[in-house]
Each structure stands twice: as C-alpha cells, then as structure tokens.
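*Asks:*
Residue numbers (UniProt numbering): 1 to 323.
1. Residue 60 bridges to which residues according to DSSP?
2. Comparing alpha-carbon positions, which option in 207, 114, 264, 11 lies nearest residue 309?
3. For residue 141, count neighbouring Cβ atoms within 10 angstroms of its own Cβ and tell me buried if that reaches 16, exposed if not.
4. Measuring straight from C-alpha to C-alpha, what distance separates residue 215 and residue 164?
5. With a Cβ-Cβ cutoff of 8 angstroms, do residue 358 and residue 108 count as a contact?
6. Helix or strand or just coil, what does DSSP make of residue 323?
7. Helix, strand or coil for residue 237, going by three-state DSSP, please let me know.
8. Near residue 54, which residues of its chain fall below 6 angstroms by C-beta distance, leaving aside the five closest residues on each side in sequence?
9. Got a sec: is the Cβ-Cβ distance from residue 320 to anything in chain C below 8 angstroms?
10. Helix, strand or coil for residue 85 per DSSP?
11. I need the DSSP call for residue 102, collapsed to helix, strand or coil.
12. Taking Cβ positions, are residue 39 and residue 80 nearer each other than 8 angstroms?
13. So, under 8 angstroms CB-CB, residue 119 and residue 173 are touching, yes? Tell me the CB distance rounded to an integer number of Å.
14. What number of angstroms, rounded off, separates the C-alpha of residue 76 from the C-alpha of residue 179?
15. Does the beta-carbon of residue 294 have 16 or more other beta-carbons within 10 angstroms, so that it is buried, or is it exposed?
16. Strictly by DSSP, which residues pair up with residue 231?
17. From this set, 282, 240, 278, 237, which residue's C-alpha is nearest residue 258's C-alpha?
18. Under the assumption that residue 280 contacts residue 253 (Cβ atoms under 8 angstroms), give the Cβ distance between them as a whole number of angstroms.
19. Tell me which residue opens and which closes the alpha helix (DSSP H) that residue 70 is part of.
20. With three or more C-beta pairs closer than 8 angstroms as the rule, is the stretch 120-129 touching the stretch 65-73?
21. Following the continuous beta strand (DSSP E) through residue 150, name the residue where it begins and the one where it ends.
22. From the DSSP output, which residues share a beta bridge with residue 317?
23. Exposed or buried, what is residue 41 when buried is set at 16 or more other beta-carbons lying within 10 Å of its beta-carbon?
24. Taking the Cβ atom as the reference point for each residue, do residue 143 and residue 158 lie within a distance shorter than 8 angstroms?
25. For residue 52, which residues of its own chain have a beta-carbon under 6 angstroms away from its beta-carbon, when the five flanking residues on both sides are left out?
26. According to the Cβ coordinates, are residue 116 and residue 64 closer than 8 angstroms?
27. Less than 7 angstroms between C-beta atoms, sequence neighbours within five positions excluded: which residues of the same chain meet that for residue 29?
28. My guess is that residue 74 and residue 93 are in contact by the Cβ rule of under 8 angstroms, so how many angstroms apart are they, rounded?
29. Taking DSSP as the reference, what is the three-state secondary structure of residue 66?
30. Starting from residue 24, follow its DSSP beta bridges and name the residues at the other end.
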C-alpha cells in the first residue's frame with residue numbers, strides 16, 4: 001500500500017505508448033464505477049496516458065470495494081493489481097487520489113522539497129501511520145520542476161492521522177493555505193503537468209500558445225489543457241461554471257468598490273460526491289492590485305471546503321488558492 005511528485009524507478013513506470021488496462025470487480029456499485037470512469041477519463045483526455053477496459057491486460061488495475069482506500073505505487077508487473085475504493089472513498093477526489101498512486105505518484109507531503117512549503121509534526125502522528133509522512137529522496141521522487149500545490153489531491157488534510165485531533169499534523173508555512181490542504185473536490189492540474197513534463201509530451205505541439213498557465217494537449221495540439229476556471233482552446237476565457245446556479249464571468253476592478261452578488265449552487269450541507277463550481281476573473285489595470293471584501297457567505301469555516309466554500313486564487317492560476 002505505497003502511498004506517498006512521481007516515482008523515478010523505471011521498474012514501476014507505465015509505458016506511455018501502451019494503454020493501461022483496467023476492470024471493475026462486481027463488488028462495486030454502478031455509481032462508484034461511473035465515478036472511477038470519470039477519474040480515468042480525466043487522465044486519458046489530458047495526458048499522454050491512455051486506458052483500456054481489459055481484464056486480461058498485463059498488470060490490469062482491478063478496482064474493487066476493499067477495506068478502505070488504497071493502491072500500489074506505479075506498475076507492479078503482476079497479472080493484476082488492486083485499487084480499493086471502499087466505504088467512504090466514493091467521491092471523485094479520493095478516486096482520483098488512488099488512480100494517481102497506481103499511475104506512480106507519491107503523496108505531496110513526501111516530496112523532497114516539502115520543507116519549503118509545509119512542516120510535518122511527527123510528534124503528533126500515529127506511530128502506525130508515520131510511513132505516510134516520510135520525506136522521499138530526490139533520486140526516488142521527481143516533481144520535474146512543478147511547484148508544490150497546497151490543494152493537491154495527493155496532500156493529506158491538516159489533521160491527518162493526528163494523535164491529538166485538535167493539533168495539526170501538517171502545518172502550511174503559508175498560513176493562508178492551512179485550510180486548503182486535504183481538498184478532494186478538485187482534480188489534479190499540477191500533477192498532469194508533472195506527468196507531461198516527465199514524458200515531454202508537449203514537445204510535438206510546436207507553435208501552440210496557451211494562456212493563464214495552460215499547456216498544449218498532447219492528444220490534440222490545436223487545444224490547450226487549462227487550469228481550473230479557464231476554458232476555450234487557448235485558456236483565454238473564463239470557464240462556464242457547472243453549478244446549478246452560477247452567474248460567473250469577467251469583472252474589471254475600479255478605484256471605487258463595486259458590489260457583486262455571486263450566486264453558486266444551493267445553500268446546504270450535503271457532501272456531494274462530485275463538486276460543482278462557478279468562476280469569476282477580476283482584472284485590474286497594470287500596476288494595480290485587486291482589493292475586495294467578502295461581506296456575506298453562507299459557507300462554514302471548515303477545512304478543505306467539505307460542503308461549500310470560496311477559493312481565492314492570486315497570481316498562480318495553476319495551483320489551488322486560499323479557501
């Protein structure tokens with residue numbers, strides 16, 4: 001159950017020129033299978049990796065309902081390898097987390113450069129779970145220049161496996177990002193960058209320019225893979241939100257305060273398996289900064305926005321923001 005950027009041992013690497021086989025065990029519900037398909041499709045559409053549903057393929061990923069959420073790290077070389085999506089794991093973020101392990105990704109808090117972004121409080125971590133927080137060597141774990149992302153689905157929440165549940169086991173060195181850690185609502189944009197950097201998949205897409213931190217789609221060089229919140233073929237426009245109620249769009253800041261009634265979805269406390277979103281891009285003149293006040297929000301102050309929340313992204317659109 002290896003759960004810890006991307007492993008460098010070629011023994012565990014998938015061949016990007018061949019599809020990764022997978023199949024579903026009868027123990028899974030139709031709803032969970034549909035969610036796993038979403039996670040697989042995300043990788044299939046946005047990286048050089050491809051997948052094929054084939055129970056007889058070499059090292060086929062067997063998705064099943066086991067005791068918890070776990071997967072082996074990278075290709076194991078066995079006939080099949082298990083990916084458990086057990087009770088409590090049936091949400092898209094967690095499913096994506098386990099698929100990422102199977103592809104070959106470590107936990108974010110195990111990155112060799114993690115000490116530049118977080119402090120791990122080993123004294124407050126259960127002894128049986130200490131292995132999840134061991135820092136990897138640069139020889140074993142390569143992030144290929146992709147920066148640390150506090151909102152990565154490969155990062156645990158701030159109280160993960162804490163012996164004292166009131167004291168964080170992971171402390172963000174940027175205090176504003178403390179509640180961002182552990183989110184399972186959004187999928188991996190930075191990790192897609194990591195995998196594509198490793199395999200140099202965008203090299204063939206010469207001449208394609210992508211805005212706002214996007215990169216060329218190796219499966220279709222006429223299009224870009226965009227950070228959350230941006231769309232179109234070159235990532236230059238604000239994405240259309242998928243929330244049932246959404247009045248997002250592009251705003252221009254002025255020297256006087258303006259009032260925006262931002263509507264997103266419904267006001268409830270139901271943990272949805274797949275999050276919906278609405279996006280606003282606020283532009284300011286060159287040399288100016290955006291200042292805003294959040295006057296009314298129905299959201300609770302809770303770590304990683306389990307039900308609903310507001311995320312503020314400043315500067316780096318390709319990483320998660322303050323929540």
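Every residue, glycine too, gets a C-beta built ideally from N, C-alpha and C.
*Replies:* With the structure as the only source:
1. Residue numbering aside, residue 60 sits at position 60 when the chain shown is read from its first letter. Looking at the DSSP assignment, residue 60 forms a beta bridge with 80.
2. Sequence index remark: in the chain shown, residue 309 carries index 309 (1-based). Taking only the C-alpha atoms, the option nearest residue 309 is 264.
3. As a position in the chain shown, residue 141 is number 141, starting the count at 1. The residue is buried, with at least 16 neighbouring Cβ atoms inside 10 Å.
4. Numbered from 1 along the chain shown, position 215 holds the residue referred to as residue 215. Numbered from 1 along the chain shown, position 164 holds the residue referred to as residue 164. CA-to-CA, the gap between residue 215 and residue 164 works out to about 42 angstroms.
5. Because residue 358 is not part of the residues shown, which for the chain are 1 to 323, the question remains open.
6. The residue given as residue 323 occupies position 323 in the chain shown. If DSSP states are grouped into helix, strand and coil, residue 323 belongs with coil.
7. The residue labelled residue 237 in the question sits at position 237 within the chain shown. Residue state, collapsed to three classes: strand.
8. Taking the first residue of the chain shown as 1, we reach residue 54 at position 54. Result list for residue 54: 21, in chain order.
9. Absent from the structure: chain C. Only one protein chain is present.
10. The sequence position of residue 85 within the chain shown is 85, counting from 1. It is a strand residue.
11. Residue numbering aside, residue 102 sits at position 102 when the chain shown is read from its first letter. It is helical.
12. Position 39 of the chain shown holds residue 39. Position 80 of the chain shown holds residue 80. It is not a contact, given that the beta carbons lie outside the stated cut-off.
13. Position 119 of the chain shown, counted from the first residue, corresponds to residue 119. Position 173 of the chain shown, counted from the first residue, corresponds to residue 173. Right, the Cβ-Cβ distance comes to about 6 angstroms (below 8 angstroms), so this counts as a contact.
14. By one-based count along the chain shown, residue 76 stands at place 76. By one-based count along the chain shown, residue 179 stands at place 179. Their backbone Cα atoms lie some 35 angstroms apart in a straight line.
15. Here residue 294 corresponds to residue number 294 of the chain shown, with the count starting at 1. Classification of residue 294: exposed, given that the 10 Å Cβ count is below 16.
16. Working through the chain shown from its first residue, we reach residue 231 at position 231. Looking at the DSSP assignment, residue 231 forms a beta bridge with 237.
17. On the chain shown, residue 258 is found 258 positions in, with the first residue counted as 1. Just measuring C-alpha positions, the residue of 282, 240, 278, 237 sitting nearest residue 258 is 282.
18. The count along the chain shown starts at 1 and reaches residue 280 at position 280. The count along the chain shown starts at 1 and reaches residue 253 at position 253. Their Cβ separation, rounded to whole angstroms, is 11 angstroms, which puts residue 280 and residue 253 out of contact at 8 angstroms.
19. The residue you call residue 70 lines up with position 70 of the chain shown. Counting along the chain, residue 70 falls outside any alpha helix (DSSP H), though it belongs to the beta strand (DSSP E) covering 69-71.
20. no
21. For this step, residue 150 is matched to residue 150 along the chain shown. Taken as a continuous stretch (DSSP letters only), residue 150 belongs to no beta strand (DSSP E), as it is neither H nor E.
22. On the chain shown, position 317 is the one that residue 317 refers to. In the DSSP output, where bridge partners are listed per residue, residue 317 has none listed.
23. The count along the chain shown starts at 1 and reaches residue 41 at position 41. Classification for residue 41: exposed.
24. On the chain shown, residue 143 is found 143 positions in, with the first residue counted as 1. On the chain shown, residue 158 is found 158 positions in, with the first residue counted as 1. Their beta carbons are not under 8 angstroms apart, which means residue 143 does not touch residue 158 by this criterion.
25. Taking the first residue of the chain shown as position 1, residue 52 is located at position 52. Within the same chain, residue 52 has close Cβ partners 19, 21.
26. Counting from 1 along the chain shown, the entry for residue 116 is found at position 116. Counting from 1 along the chain shown, the entry for residue 64 is found at position 64. No, they are not a contact pair.
27. Along the chain shown, one-based indexing puts residue 29 at 29. Contacts found: none.
28. Taking the first residue of the chain shown as 1, we reach residue 74 at position 74. Taking the first residue of the chain shown as 1, we reach residue 93 at position 93. The pair is not a contact, with the Cβ atoms about 21 angstroms apart (cut-off 8 angstroms).
29. In the chain shown, counting from the first residue as 1, residue 66 sits at position 66. Residue 66: coil per DSSP, three-state reduction.
30. Here the question's residue 24 lines up with position 24 in the chain shown. According to DSSP, residue 24 bridges with 63.
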